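> Residue numbers (the working numbering): 6 to 299.
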C-alpha cells in the first residue's frame, strides 16, 4: 500500500543543519510557542492534529529527532544516539529560532525525558506543561521493566527484530491505540520513516539507551532531571493518560500526580499509549482549552 502522506500531514517542513545532519521540524502558526516533543517509535506525525488545532493562535514547533521522521538517519559514526545529545539538539533548534520564553512543552514517551531535561536546563523559559504517557524520572519501583523492551534492549534477537523486521514500530502501530484502532493506512504512515535496516537505527538506539541502574549511560542525567522537575510544581500542568499503555502505565501516572498534586489530570481507562491518536476527538480540544485559559 502506498499512501499520500500529505493527506494526513499537510505541512511544509523546515530543516536545521546540525553539524552536517538535517534536523527536520515543523514551524506552524504564530503566537506563544508550543513545543511538541515526540518519542519512540513515532515522529512529528503524532502531533499533526494538535498542530492543526492550535496553529491559528500558537506557534507550533515540532522536531523530528535525528533518526526519526524526515530527519537524517546517520550511522553511529556520525551521531551519538543518546539522551544528552537529544537535549542538545532541541536546545540548538529553539535557540536558532529565538524561542526563549513563554514555552509550552507538550511531551510524549521519550519526549518527556528530553523535554524536561531541556526545561531543567532553562526553567525560566517554561510557562506550562502538557504531559502525555511519558516520564521524567526513573522506572517506578513497583513497575517491572517490560519483557518486550528487555529483549529489544539487551539481546541480539531484539536488535534483529527491531531493525530487520521493524517489530517495534509495527507493534506500536497496532497496540498504541486501544479504543480507536488505527486504520491500515494510518499504521503505514506511522511506520513510513522506518522502512529499512538503516532507517530503524534510532528505534533500537532509543530502547538501548534506557538507563535502568547506576552505571548505565544517562542514569545520572535522568536522576538530575528527576531531582529538578519539582521546581515546575507551580506551573499550569495538564496530564492526559491512556491507562492501557503497557509501558507508561498507571504507576507512571501516580508518580506524576505525587510530584504535581495540583496538575489537571484526564485519565482514559480504555485508551492506549498513543493518546493523541486514540482519543483525539476529546483530547485535542481539551489541550487547546487548557492553553487558552492558562
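Glycine included, every Cβ here is placed at the ideal spot set by N, Cα and C.
Quantities reported herein were computed from a predicted structural model and do not represent experimental measurements.
1. So residue 155 is in the alpha helix (DSSP H); what residue range does that whole segment cover?
2. Within 10 angstroms of its Cβ, does residue 140 collect 16 or more other Cβ (buried), or is it exposed?
3. Output the distance between the C-alpha atoms of residue 90 and residue 144, rounded to the nearest integer angstrom.
4. Measuring only the C-alpha atoms, how far is residue 54 from residue 43?
5. Express the C-alpha separation of residue 235 and residue 264 in angstroms, rounding to a whole number.
6. Could you pull the start and end residues of the alpha helix (DSSP H) that residue 195 belongs to?
7. Mind checking whether residue 199 and residue 46 have CB atoms under 8 Å apart?
8. Suppose you measure from the CA of residue 182 to the CA of residue 9; what does that come to, to the nearest Å?
9. Can you give me the Cβ contacts of residue 28 inside the same chain, cut-off strictly under 7 Å, excluding the 5 residues immediately before and after it?
10. Which runs of the alpha helix (DSSP H), 4 residues or longer, sit entirely within the region 194-265?
11. Quick one: complete beta strand (DSSP E) runs, 3+ long, within the region 89-132?
12. Three-state secondary structure (DSSP) at residue 20?
13. Here's the rule I'm using: 16 or more other beta-carbon atoms within 10 Å means buried, otherwise exposed. How should residue 274 be labelled?
14. Considering just the uninterrupted stretch of the alpha helix (DSSP H) at residue 71, what are its terminal residues?
15. Suppose you measure from the CA of residue 132 to the CA of residue 239; what does that come to, to the nearest Å?
16. Comparing alpha-carbon positions, which option in 50, 64, 180 and 23 lies nearest residue 34?
17. Rounded to the nearest angstrom, what separates residue 147 and residue 272 at their Cα positions?
18. How big is the Cα-Cα spacing for residue 26 and residue 202?
19. Please confirm whether residue 74 and residue 48 have their CB atoms less than 8 Å apart.
20. Determine, using beta-carbon pairs with one atom in the region 291-299 and one in the region 188-199, whether at least three such pairs fall under 8 Å.
21. Please confirm whether residue 210 and residue 123 have their CB atoms less than 8 Å apart.
Looking at the coordinates:
1. 152-159
2. buried
3. Going from the Cα of residue 90 to the Cα of residue 144 covers about 21 Å.
4. About 14 Å.
5. 7 Å
6. 189-196
7. yes
8. Their Cα atoms are separated by approximately 22 Å.
9. Contacts found: 20, 21, 68, 71, 76, 94 and 98.
10. 206-213, 224-233 and 255-264
11. 108-114
12. strand
13. exposed
14. Unbroken run through residue 71: none, as it is neither H nor E.
15. 10 Å
16. 64
17. Going by the C-alpha atoms only, they are around 20 Å apart.
18. Here the alpha carbon of residue 26 sits roughly 19 Å from the alpha carbon of residue 202.
19. yes
20. no
21. no
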